[in-house]
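First residue of the sequence shown? That's 46 in the numbering used here, and the numbers climb one at a time after it.
Input: a single structure, listed below in structure tokens.
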Amino acid sequence: MMAPHGTPVYAPAAGTIRASNSSLGGLGFWLEGADGNTYFGSHLQSLSVREGWVEPGTPIGTVGSTGNAGGTPHLHFEVMVAGGSVNPYPFVLDWCASEAAAP
């Protein structure tokens, strides 16, 4: 997901988060969701939660271009259901619709 450097990244679900860092993904996170899904994000500029329990919407870091992002700031975001990767777009649409409907 393309976004300017420093754009806040929020926990997509309640669950246990842990930091990751690799030459490919750069700074990132794994979140084992209480909903049974696993969430992964990478290329972050910063990560404010290294490990522990988070609630949905908790600020967890900022968009960056670490790892092999080629200098282009973005959030690489994955959703895994039952151990297999799925298209994250429907999840993002639901979250955006829920946010728009909130008072």
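Even glycine gets a Cβ: it sits at the ideal position worked out from N, Cα and C.
Predicted, not measured: the structure shown is a model, and the values here were computed from it.
- Contact between P104 and Y55 holds, since their C-beta atoms are separated by about 6 Å, short of 8 Å.
- Excluding its 5 nearest sequence neighbours in each direction, D80 has C-beta neighbours in its own chain below 7 Å: A58, listed in chain order.
- For T117 and F85, the gap between their C-alpha atoms comes out near 19 Å.
- Scanning the segment 54-117 from its first residue to its last, no whole alpha helix (DSSP H) run of 4-plus residues comes out.
- Between the alpha carbons of G78 and D139 lies a gap of roughly 16 Å.
- Counting along the chain, the unbroken beta strand (DSSP E) around H121 starts and ends at H121 to V126.
- A distance below 7 Å between beta-carbons, with the five flanking residues on each side excluded, links V126 to the following residues of its chain, in chain order: N82.
- A142 counts as exposed, since fewer than 16 other beta carbons sit within 10 angstroms of its beta carbon.
- Membership of G129 in the beta strand (DSSP E) is indicated by the continuous run G129 to V131.
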